[in-house]
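Note sheet for the following structure.
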Amino acid sequence: MNDVIDSSLGSDSATSAVDALPGQVGQTRRPFSGLGSTVTGTGTTTGSWAESTHSVIWLTRGGNRLPLARVGRRSWGTNLISVAVIALTSLIAASNLLDVYGSAAMWAVAAVPATLLGALIAYAGTAPALRLWWQIVFLIVAQGVIGPVIALNDTAISHVIPSVETLSQGFVSTFGAFKYLIAVPPPTGSGDGSLMAAWTICLWLSFLAGVFAIGDKRQLSVLSLLPIAIELVVCALLGTQTGFQPIASGVLIGLIMIVWLSWRWQLLELGRWISATIILLLAAGLGVGACMGIGQSRLILRDYYDPPLSPYDYASPLSGLRSYVKDHKDDTLLTVTNLPEGTPVRLAVMDQFDGNVWNLSDSTEASDSSDYRRVGTRIPNTVDGKKFTATFTIDKGLSDKWLPLAGAASSVDVTSAGKTGGANGNGGGESRSSADHTLFYYNESTQSAIIPAGLSTGMTYTESGIIAPTPTDKEIAKANAAVTNQPGTNQPGTKDVPDSVGKFASSVAGGEDTAGAQAQALVAQLKDSGWFSHGLTGDYPSLPGHGSYRINALLAGSAMVGDSEQYASAMALMARELGLPSRVVMGFLPKNDDGDISNDRTETVNGTSTVKFTGNDIEAWVEINLEGYGWVAFYPTPKETKIPDDNQNLTPPNPQTLVRQPPVPLTDPLRDEEQAHGKSALAGEDATDEPAASIWSTIGRIAAKVAIYGSPVWIPLLICLLILALKTVALARLRRHGDARQRITSGWQAVHALAGQSGIPVTGTRRDQAQAIARQLNIDGAPLIALGRQADYAAFSGQPVTPEQAGAYWRSVLTTRKLMLASQSFMRRLRTRLSLRGVFHNVRILSSIRTWRHGDKRKPDGRQPAKQRPVKRKSSTQQPAGQKPATQQPSAQQPSSQKGRQS
1 MNDVIDSSLG SDSATSAVDA LPGQVGQTRR PFSGLGSTVT GTGTTTGSWA ESTHSVIWLT
61 RGGNRLPLAR VGRRSWGTNL ISVAVIALTS LIAASNLLDV YGSAAMWAVA AVPATLLGAL
121 IAYAGTAPAL RLWWQIVFLI VAQGVIGPVI ALNDTAISHV IPSVETLSQG FVSTFGAFKY
181 LIAVPPPTGS GDGSLMAAWT ICLWLSFLAG VFAIGDKRQL SVLSLLPIAI ELVVCALLGT
241 QTGFQPIASG VLIGLIMIVW LSWRWQLLEL GRWISATIIL LLAAGLGVGA CMGIGQSRLI
301 LRDYYDPPLS PYDYASPLSG LRSYVKDHKD DTLLTVTNLP EGTPVRLAVM DQFDGNVWNL
361 SDSTEASDSS DYRRVGTRIP NTVDGKKFTA TFTIDKGLSD KWLPLAGAAS SVDVTSAGKT
421 GGANGNGGGE SRSSADHTLF YYNESTQSAI IPAGLSTGMT YTESGIIAPT PTDKEIAKAN
481 AAVTNQPGTN QPGTKDVPDS VGKFASSVAG GEDTAGAQAQ ALVAQLKDSG WFSHGLTGDY
541 PSLPGHGSYR INALLAGSAM VGDSEQYASA MALMARELGL PSRVVMGFLP KNDDGDISND
601 RTETVNGTST VKFTGNDIEA WVEINLEGYG WVAFYPTPKE TKIPDDNQNL TPPNPQTLVR
661 QPPVPLTDPL RDEEQAHGKS ALAGEDATDE PAASIWSTIG RIAAKVAIYG SPVWIPLLIC
721 LLILALKTVA LARLRRHGDA RQRITSGWQA VHALAGQSGI PVTGTRRDQA QAIARQLNID
781 GAPLIALGRQ ADYAAFSGQP VTPEQAGAYW RSVLTTRKLM LASQSFMRRL RTRLSLRGVF
841 HNVRILSSIR TWRHGDKRKP DGRQPAKQRP VKRKSSTQQP AGQKPATQQP SAQQPSSQKG
901 RQS
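Structure follows, in structure tokens:
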């Protein structure tokens, strides 16, 4: 760039620039003094307060200022300080993700090394041999190899060497982690490669900030604020409403950047640390006060994300209850270790009855029961009770999409998945990696989960959770129903409910005073009057299903016989008729022979308790929301040993004339479970396998969009395009800015700048420069010499130059530039096109000349000027014979040396 200055000023003619302006003897002009203030040698000041000797911003060269930074290339220690500042502020900006991951250690595993790597890669640019292309290589390795090893450490060989799975999942998680953080409520943990989001943000933005921070031009170091601000905003959008000390983080970043930029711009005076400290404290106080005075409200992307999962599309799990009993009555379906004795295990919770089946409600009807959200390894949990950590193992036969869980889950970690069975457990050999099984959706209100990939034999996962205390019978009898506008009570209405349900509920529990007492009365009556039968071979006849027809037959038919599917459905409907918020739950119960929950089912060996659930342990029960206790479980099914026969009275209590319901909207009332929404893999006696949907087309579309829009490779490409656009604009400005004479001079500057960008050192007159360019690039020097001669003529001849001449000159300049580029190799030509050397030459020229004129006696290129002879001025316009005219005081724009005038 210094060479550009020489060429624009007529080469060596720049050595005679002004030492002092008339009328300013004994005074020093200083940069940044836009109001024209001056400082005398005695230290008196006129102008702004910022330039007084008693201010912190004291630019006087005659004062006792500590020269903390130097003009020109800085030392490696200075660059390291700048890089360290960028790394520190980047980590503070990324601290917004602390609450998202739920652990400072987990956040630090990704954020700290990524930030340090990004800053060091930026620092590597100080070595010319490592600039640009090697930096791009370092970034790709850091993003594509090192990041996945850290974020997906379990997939790496010996936790160090990346495997094919590590690299492939790392590429997917580079983009998917951002969606994961938006879709999963915090804390997300480190599951599903979510740490790749923090890694990507910290790596790339700390690198960009570092590039601006250690640049040769001090003025551009302020641009390092932009990546830090972007990082702060992005992490806030991905974070939580509270964030991690948001006020303190923002103020701290501001103070650090103020001090660093002051030092970087040579404005910092450690000798006046008291004034500086007071100003910083005032700035911090104003920042904190402003934040405290404004309402704290954050825009969080997670709040506007609509989960793609629609639980309403899944089949009613209650329809498949009898199929489990029929096909796997004595088979172990689930093994749980370290589960507290007598704890039920939930599969699904249903709160919508459409006349055919109980199912999950649509999100438009009940937001709580259908609020299944994708979660990570950690789940928010505010339940009080007994904590536990249990390990679940899926055995052969349990192959649905409902994930068995106990209590209120705090974390669920799927550690391994079986490879022997497909999604339906049919042994089809369909293998899936453990990463597929970590994708599941959890409903905090119903404490149930859906795993879209389906359960498979051998799947193992660990749940940590809390089991809420169970209220006593006396406490339940005194409890009222929960207020309807509280969470968990927003339920859809029931449809096609038989009249027998309302009449039975009124006759049994209508006289009770509290909701708890009404529920207890319903349970007692159903247990006392009902009989138990699965309706299997050898059992007393009992129709399957739980729709309107079947419930009416149970309550108003000739025999009150059924299993938990019918009794749970009947009690839930009767509770709704009484105005109680109710829902049906399906899961596993550690039952004894009577069907009651028993602690004896749990076996303890060497301190490890184990309970094995069979198909006969699958049960349905009812939960009612009671004020002060939440959802309380009720088990209305009669004892399983209460088996009917023809010699007993099986009719329901309180017989009365019942109004027959309209024709049941089922083709076969015995097969009402076939009307469930979706296609259940287990429905009644003729369970059918769910057809596997092809996902290759979806994968293809996602991969195409990721490759086009999301690849981090586009980031350096976009930077390259930005550089090319910037250089194009700068070249167009040189061509069109100023009068014809200035345009011709700028044309030679364009040639000179291209030579510098090509790595060619060019000094001397324009003729010398033209010869050096031709020699270095091995091209014909005649066009270059002609361009230099024309530029000299336009600059020094004093003859008028027309716009047509300037246009013709620029056409020659563009042709010559093309010739210079064509003579280079591909890689050198690419480096030349992406080099920014000389692009900001106007800013640098003006800054250097202003510094030189206002007190720095060095030339703009840093050299000491030649000793000048005294300047003689004549008081009149007449010159004595034989005496040369007095040399006019040169300016920074008009060189006085005649060496550059040689043609």
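For the sequence shown, UniProt numbering begins at 1 and goes up steadily by one.
All C-beta atoms in this analysis are idealised placements derived from N, C-alpha and C, irrespective of residue type, glycine included.
- Query: Between Ala-94 and Ile-201, is the Cβ-Cβ spacing less than 8 Å?
  - Reply: yes
- Residues of its chain near Asp-686, where Cβ-Cβ distance is below 6 Å and the 5 sequence neighbours each way are ignored: Because the pLDDT of Asp-686 is 41, which lies under 50, any placement of that residue in the model is unreliable, and the question is left without a value.
- Taking the alpha-carbon positions, what's the Leu-554 to Asp-154 distance? 54 Å
- Task: Identify the continuous alpha helix (DSSP H) that holds Trp-263 and give its terminal residues.
- Result: 246–264
- Report all residues from its chain with a CB closer than 6 Å to the CB of Asp-539; omit the five preceding and five following residues, and keep chain order. Ser-533
- Query: Going by DSSP, what residues sit across from Gly-189 in a beta bridge?
  - Reply: None; Gly-189 has no bridge partner.
- Message: Is the beta carbon of Ser-506 closer than 8 Å to that of Gly-376?
- Response: no
- Query: Which partner residues of residue 910 appear in the DSSP bridge assignment?
  - Reply: Lying before the first or after the last residue shown, residue 910 is absent from the chain, which here runs from 1 to 903.
- Message: Tell me the rounded alpha-carbon separation between Val-234 and Trp-260.
- Response: 23 Å
- In this structure, does DSSP put Ile-92 in helix, strand or coil? helix
- Confirm, please, whether the CB-CB distance from Tyr-324 to Ile-618 is below 8 Å. yes
- Do Glu-565 and Ala-620 have their C-beta atoms within less than 8 Å of each other? yes
- Looking only at DSSP bridge pairs, what is Pro-532 linked to? It is Phe, not Pro, that sits at residue 532 in the sequence shown. Answer by DSSP bridge pairing, in chain order: Gly-562.
- Is Ser-500 near Ala-556, with beta carbons less than 8 Å apart? yes
- Query: Going by other Cβ atoms of all chains shown within 10 Å of its Cβ, with 16 needed for buried, is Val-813 buried or exposed?
  - Reply: buried
- Message: Just verifying my parser: in three-state terms, what is the DSSP assignment at Gln-525?
- Response: helix
- Query: Residue ranges of each alpha helix (DSSP H) run of no fewer than 4 residues wholly in the region 767–829, ordered along the chain?
  - Reply: 782–796 and 803–822
- Give the secondary structure of Phe-440 by DSSP, where H, G and I count as helix, E and B as strand, and everything else as coil. coil
- Message: Please report the distance separating the alpha-carbon of Val-109 from that of Asp-400.
- Response: 36 Å
- Task: Return helix, strand or coil for Met-350, following the three-state DSSP convention.
- Result: strand
- Could I get the ranges of all uninterrupted alpha helix (DSSP H) runs contained in the region 189–242, with 4 residues as the minimum, in chain order? 195–213 and 225–238
- Query: How would you write the range of the beta strand (DSSP E) that Met-586 sits in, first residue to last?
  - Reply: 582–588
- Item | His-752, buried or exposed, once every other Cβ within 10 Å from all chains shown has been counted against 16 | buried
- Message: Suppose you measure from the CA of Ala-774 to the CA of Gly-77; what does that come to, to the nearest Å?
- Response: 39 Å
- Within 8 Å, strictly: CB atoms of residue 915 and Ala-808: Not covered by the structure: residue 915. The range shown for the chain is 1 to 903.
- Query: Since Val-605 is in the alpha helix (DSSP H), which residue starts that stretch and which ends it?
  - Reply: Premise fails: Val-605 lies in the beta strand (DSSP E), 603–605, not in any alpha helix (DSSP H).
- Report the three-state DSSP secondary structure of Pro-665 (helix, strand or coil). Reliability of the predicted coordinates at Pro-665 is poor, the pLDDT of 46 falling under 50, and no value is obtained from them.
- Message: Rounded to whole angstroms, what is the Cα-Cα separation between Thr-188 and Leu-360?
- Response: 25 Å
- Buried or exposed: Ile-157, going by 16 or more other Cβ atoms within 10 Å of its Cβ? exposed
- Message: Checking 8 Å against the spacing of the C-beta atoms, do Ser-448 and Val-349 come in under that value?
- Response: yes
- Query: What does a CB cutoff of less than 6 Å around Ala-69 pick up in its chain, not counting 5 residues either side in sequence?
  - Reply: Annotation note: pLDDT 40 at Ala-69 (below 50); position unreliable, no value reported.
- Task: Compute the beta-carbon to beta-carbon distance between Pro-471 and Tyr-629, rounded to the nearest angstrom, for a pair I have assumed lies under 8 Å.
- Result: 5 Å
- Message: Since Leu-334 and Ala-390 should fall inside the 8 Å C-beta cutoff, what is the C-beta to C-beta distance between them, to a whole number of angstroms?
- Response: Incorrect: roughly 11 Å between the Cβ atoms, too far for contact.
- Query: When DSSP labels each residue in this structure, what does Thr-332 get in the three-state scheme?
  - Reply: strand
- Item | Three-state secondary structure assigned by DSSP to Ile-760 | coil
- Message: Buried or exposed, going by whether 16 or more other CB atoms sit within 10 Å of the CB of Asn-443?
- Response: buried
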